[in-house]
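Have a look at the structure below, then the notes.
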Amino acid sequence: MDKIKIFCPATVSNLSCGFDVLGLALEQVGDEMIIRKTSGNQLTIRQTEGPEIPLDPANNVAGVSARSLLDHLGSEDGFDIEIAKRIKPGSGIGSSAASAAGAVWGINQLLGAPLTTKELLPHAMTGEAIASDAWHADNVAPCLMGGFVLIRGYDPIDVIQLSFPKDLALAIIHPHLEIKTAESRTLIGDKIPLKNAVAQWGNLGGLIAGLASGDHDLISRSLVDHVAEPKRKHQIPGFEEMKTEAITSGALGFGISGSGPSVFALCRGITKAEEVGQKLADAFTPQGIAFDLYCSRIHSEGIRIIP
Ligand code: ADP
755 MDKIKIFCPA TVSNLSCGFD VLGLALEQVG DEMIIRKTSG NQLTIRQTEG PEIPLDPANN
815 VAGVSARSLL DHLGSEDGFD IEIAKRIKPG SGIGSSAASA AGAVWGINQL LGAPLTTKEL
875 LPHAMTGEAI ASDAWHADNV APCLMGGFVL IRGYDPIDVI QLSFPKDLAL AIIHPHLEIK
935 TAESRTLIGD KIPLKNAVAQ WGNLGGLIAG LASGDHDLIS RSLVDHVAEP KRKHQIPGFE
995 EMKTEAITSG ALGFGISGSG PSVFALCRGI TKAEEVGQKL ADAFTPQGIA FDLYCSRIHS
1055 EGIRIIP
C-alpha cells in the first residue's frame, strides 16, 4: 500500500469540568487526508479545500508530527500529505489536532503499523504543540482513538478510553471569530483557588461515573466548569444567552469547546441535539456574526480509512 485516504474527526475537548484532560470525537464532522508514499525522502503538504493553512512542513502541524514520527522510526521515506480542511482552523473543535493525528496515523499505516495508536500520541502532540504553544492531548487523543477519552496523566502520557452512553450527541455553534488557543490559555493563568479545584475534580469524577453508569442526571449535574469558562466566556458574544437557551431546551450541559469560540451542548439523542442546535442558532443570530451549526453523535472509532 502506498496511498491511504482517511477521515480525521473533529473533537470537543475540556467538556466543562475536564480542562486539558477530557475530549471526544465527533462522528459527522472532520477533515479528509490522502497520504502517499513518494520515491524521495521529503515531506510535502498540499491543500485541496478549506481556509488557508501553512504548507511549509515545518509550520504545518501535519509536517511537524510526521517528522517527529519518521525521526523516531529512523525512516528516510518521503510522503505527500494532501489535506481537505473542513474543520476551520481556530474553531476550537480540533482543526490542528485532526491534521497532526491524521499525518502520524496515515504514515504509520503506510509503513506497516510499526507503532500502536497510543504510541503515536507523543508524535501527534509534538505537531499540535506548534499550534497551541502547549503540550496537550485532549484533541489528538480522541481524534486518534475515538470515543470519550481521559488523559489521566501527562508524564508519562496515560490515556484511558471511557465508557459512555451511546445516545449522547452534541450541538455545536462555531461563531466565525478567531480565538487562538495560545492566547486563550493565557487568560486562565496558572493558579486557581482551592475551592474551585475541589469543585472541578468533584465534577470530573461525577462526569466519569455518570458516563460509565449511563446516569444522565449525574452527567448533567457534573457539566460545570469552575476553571476555564469564567475566564473565557467573555470572548464569546452571546455565551450566556446560548447557555440559558440550551439548558431550558433540555440539554444535559453547555460549555466552551476547547478554547473556543465554538460552544457545545451535550444532549441525550441526536434529535434533541438538532432541536437544541436550532435554539442555539436562533439565540446567536442577533449577534450579527456568521456561524456554523454542527450536530453530531460521538464516534467510537477515531481516524478511519475511507474509500
Ligand atoms: P484549533 O483548536 O481549531 O485546532 P488552533 O488555534 O489550535 O485551533 O490551531 C490553529 C492554528 O494552527 C492556526 O494558526 C493554523 O494556521 C495553524 N495550523 C498549522 N497547521 C495546521 C493544520 N494542518 N490544520 C489546521 N491548522 C493548522
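So for the sequence shown, my numbering puts the first residue at 755; every next one is plus one. Every residue gets a Cβ at the ideal spot worked out from N, C-alpha and C, and that includes glycine.
Any non-hydrogen atom of ligand 1 closer than 7 Å to residue i Cβ
i: residue 815; result: yes
i: residue 843; result: yes
i: residue 847; result: yes
i: residue 1039; result: no
i: residue 927; result: no
i: residue 880; result: no
i: residue 1043; result: no
i: residue 934; result: yes
i: residue 837; result: yes
i: residue 956; result: no
i: residue 853; result: yes
i: residue 807; result: yes
i: residue 850; result: yes
i: residue 777; result: no
i: residue 784; result: no
i: residue 1031; result: no
i: residue 885; result: yes
i: residue 1012; result: yes
Residue nearest to residue i in terms of C-alpha spacing, selected from the options
i: residue 812; options: 854, 755, 845; result: 854
i: residue 953; options: 1024, 851, 977; result: 977
i: residue 1047; options: 1032, 910, 837; result: 1032
i: residue 1060; options: 755, 762, 793; result: 762
i: residue 771; options: 948, 879, 981; result: 981
i: residue 1011; options: 1003, 757, 765; result: 765
i: residue 922; options: 832, 928, 969, 806; result: 969
i: residue 819; options: 800, 991, 851; result: 851
i: residue 901; options: 1009, 1024, 916, 830; result: 916
i: residue 887; options: 859, 939, 910; result: 939
i: residue 825; options: 974, 876, 783, 788; result: 876
i: residue 1024; options: 1043, 896, 1039, 1004; result: 1004
i: residue 760; options: 928, 790, 1015; result: 790
i: residue 786; options: 837, 806, 823, 914; result: 837
i: residue 983; options: 956, 960, 1016; result: 1016
i: residue 909; options: 890, 919, 974; result: 890
i: residue 892; options: 1045, 1029, 767; result: 767
i: residue 823; options: 860, 1039, 849, 805; result: 860
i: residue 975; options: 945, 1008, 944; result: 1008
i: residue 937; options: 871, 985, 879; result: 985
i: residue 810; options: 866, 868, 769, 884; result: 884
i: residue 870; options: 849, 844, 882, 898; result: 898
i: residue 1000; options: 1043, 848, 1029; result: 1029
i: residue 1036; options: 1021, 997, 1054, 1022; result: 997
Rounded Cβ spacing between residue i and residue j (contact assumed at less than 8 Å)
i: residue 798; j: residue 774; result: The Cβ separation is near 33 Å, so there is no contact.
i: residue 924; j: residue 1019; result: 7 Å
i: residue 781; j: residue 1050; result: 5 Å
i: residue 962; j: residue 779; result: Contact doesn't hold; Cβ gap of about 17 Å is too wide.
i: residue 794; j: residue 832; result: 4 Å
i: residue 839; j: residue 796; result: Contact doesn't hold; Cβ gap of about 21 Å is too wide.
i: residue 1034; j: residue 927; result: 5 Å
i: residue 1056; j: residue 896; result: 7 Å
i: residue 863; j: residue 933; result: Residue 863 to residue 933, Cβ: 33 Å. No contact.
i: residue 816; j: residue 777; result: In fact, because the Cβ distance is near 19 Å, the residues do not count as touching under 8 Å.
i: residue 843; j: residue 788; result: Actually they are not in contact, since the Cβ atoms of residue 843 and residue 788 sit about 19 Å apart, beyond 8 Å.
i: residue 894; j: residue 878; result: 4 Å
Paired residues, beta bridge with residue i - DSSP
i: residue 897; result: In DSSP, residue 897 forms no bridge with anything.
i: residue 836; result: 788, 800
i: residue 913; result: 905
i: residue 929; result: 1045
i: residue 976; result: Residue 976 is not bridged to any residue.
i: residue 1020; result: 924, 1007
i: residue 766; result: 778
i: residue 757; result: 790
i: residue 1051; result: 923
i: residue 1058; result: 761
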